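Asker:
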Amino acid sequence: MLTFKKAILLRGALCCLMLLRTGFANGAPQVYIDDVAPLYYRVNGIPQGLLYDMMTEMGRRAQYGGQIVPLPLKRLHHLLSTDNDAIGTMWRTAESEDRHRWLCKLYDTSFFLVAARDSHADISSLEAARHLRIGVILGSPAETVAHSSGLQNIQSATNAESNLRKLALGRIDAWIATSLVLKATQQKLGEAAGTLRTGKELGRIGLYLVSAPGAAPQLTAKWQSACASMQKDGSAAAIIKHHGAAASDAGGKSQ
Numbered sequence: 478m479l480t481f482k483k484a485i486l487l488r489g490a491l492c493c494l495m496l497l498r499t500g501f502a503n504g505a506p507q508v509y510i511d512d513v514a515p516l517y518y519r520v521n522g523i524p525q526g527l528l529y530d531m532m533t534e535m536g537r538r539a540q541y542g543g544q545i546v547p548l549p550l551k552r553l554h555h556l557l558s559t560d561n562d563a564i565g566t567m568w569r570t571a572e573s574e575d576r577h578r579w580l581c582k583l584y585d586t587s588f589f590l591v592a593a594r595d596s597h598a599d600i601s602s603l604e605a606a607r608h609l610r611i612g613v614i615l616g617s618p619a620e621t622v623a624h625s626s627g628l629q630n631i632q633s634a635t636n637a638e639s640n641l642r643k644l645a646l647g648r649i650d651a652w653i654a655t656s657l658v659l660k661a662t663q664q665k666l667g668e669a670a671g672t673l674r675t676g677k678e679l680g681r682i683g684l685y686l687v688s689a690p691g692a693a694p695q696l697t698a699k700w701q702s703a704c705a706s707m708q709k710d711g712s713a714a715a716i717i718k719h720h721g722a723a724a725s726d727a728g729g730k731s732q
């Protein structure tokens with residue numbers, strides 16, 4: 478009897494999975510974004526953030542009724558390069574160029590070296606910082622920038638909070654971050670973050686709306702059109718400005 482019940486439960490679970498899969502195949506994509514504040518965060522359980530707000534509005538225009546799902550960057554990279562039913566956001570770097578279809582630029586941002594104010598770490602140039610212990614988020618564009626810049630002692634963490642805590646405790650000498658992520662992480666940690674100083678700018682990277690290379694043209698065209706309309710009427714720039722970035726950083730259609 479127990480075996481029979483298990484078989485029934487298993488059959489029901491498989492049916493549910495098949496229905497979900499059919500729903501995605503019939504034009505209801507899964508939408509993923511980078512799970513890092515201020516691109517995505519929650520206040521009293523309510524999701525918000527620059528990317529969450531932008532993709533929510535874009536989804537409305539693309540007639541998408543599903544959820545916006547935040548993911549760690551490593552998982553995000555994988556799904557947005559292999560799942561043909563997925564739409565999402567991704568940083569455009571040389572190593573990710575062939576893994577995605579680049580639909581629309583959302584905005585550009587700069588990456589900086591950051592150190593504790595009272596530390597002796599020299600972050601004024603790449604040469605000075607080359608042998609410092611440099612913190613980055615695993616799988617992030619900061620990690621790519623660190624390697625391409627020739628930094629020798631790169632230490633990865635799974636999130637921004639871990640990097641900032643390690644910096645405050647002296648376990649790393651510097652952290653590579655954007656001004657928006659730095660500010661949001663400082664606000665979250667409060668006094669535990671310590672007082673910081675910003676050094677050398679390491680470059681600017683664009684954040685894009687993307688799909689997997691094999692995604693159906695009907696799917697990508699709908700989202701590309703929604704993104705373009707937000708660029709045209711200024712709503713994308715307004716969302717970017719609302720979350721503390723320069724509206725002039727807003728992007729446009731990918732080539």
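Just so you know, this note's numbering puts the end of the sequence shown at 732, numbered straight through with nothing missing.
Cβ coordinates follow ideal geometry from the N, Cα and C atoms, glycine included.
Please read these numbers as outputs of a predicted model, since none were measured by experiment.
Tell me, which residues are paired with Y529 by DSSP?
Answerer: DSSP lists no partner for Y529.
Asker: One question on the structure: do P506 and L696 come within less than 9 Å of each other, judged by their Cβ atoms?
Answerer: Against a cut-off of 9 Å, the Cβ pair of L696 and P506 comes out as a contact.
Asker: Kindly indicate the opening and closing residues of the alpha helix (DSSP H) around T655.
Answerer: T655 -> no alpha helix (DSSP H), and no H or E assigned at all.
Asker: Mapping DSSP to helix, strand and coil, what is R610?
Answerer: Strand at R610.
Asker: Output the distance between the C-alpha atoms of D512 and P549, rounded to the nearest integer angstrom.
Answerer: Between D512 and P549, the C-alpha separation is close to 6 Å.
Asker: Kindly indicate which residue of A705, S587, K551, T570 has the alpha-carbon position closest to the one of A634.
Answerer: It is K551 whose Cα lies nearest to the Cα of A634.
Asker: Does the distance from the CB of L641 to the CB of A651 come in under 9 Å?
Answerer: Result no, Cβ atoms of L641 and A651 do not sit closer than 9 Å.
Asker: Can you round the beta-carbon distance between G721 and K665 to whole angstroms, since I take them to be within the 8 Å contact cut?
Answerer: Their Cβ separation, rounded to whole angstroms, is 14 Å, which puts G721 and K665 out of contact at 8 Å.
Asker: Taking T662 as the reference, give the member of T621, N636, W579, S702 with the closest Cα.
Answerer: It is N636.
Asker: Per DSSP, M567 is paired with what?
Answerer: In the DSSP output, where bridge partners are listed per residue, M567 has Y685.
Asker: Assuming D599 and A606 are in contact, meaning their beta carbons sit under 8 Å apart, how far apart are those beta carbons, in whole angstroms?
Answerer: D599 to A606, Cβ: 7 Å. Contact.
Asker: By Cβ distance, which residues of its chain are closer than 6 Å to I564, with the 5 residues on each side in sequence left out?
Answerer: Contacts found: P506, V508, S688, W700.
Asker: For V658, count neighbouring Cβ atoms within 10 angstroms of its own Cβ and tell me buried if that reaches 16, exposed if not.
Answerer: With 16 or more Cβ atoms within 10 Å of its Cβ, V658 is classed as buried.
Asker: Taking the alpha-carbon of S706 as reference, which of V591, M531, L553 has the nearest alpha-carbon?
Answerer: The shortest Cα separation from S706 among V591, M531, L553 belongs to M531.
Asker: Given G676, which residues of its chain have a CB within under 6 Å of its CB, disregarding the five upstream and five downstream residues?
Answerer: Taken in chain order, the residues that qualify are L590, I600, S601.
Asker: Below 9 Å between beta carbons: does that hold for I510 and D585?
Answerer: No. Outside cutoff.
Asker: Could you check the C-alpha separation between G667 and Q540 for me, to the nearest Å?
Answerer: So the alpha carbons of these two residues sit roughly 39 Å apart.
Asker: For the beta strand (DSSP E) containing V622, list its first residue and its last residue.
Answerer: Careful: V622 lies outside any beta strand (DSSP E), inside the alpha helix (DSSP H) at 618 to 625.
Asker: Mind checking P515: buried by the 16 CB within 10 Å criterion, or exposed?
Answerer: Label assigned to P515: buried.
Asker: With DSSP run on the structure shown, which of helix, strand or coil describes N640?
Answerer: Three-state result, N640: helix.
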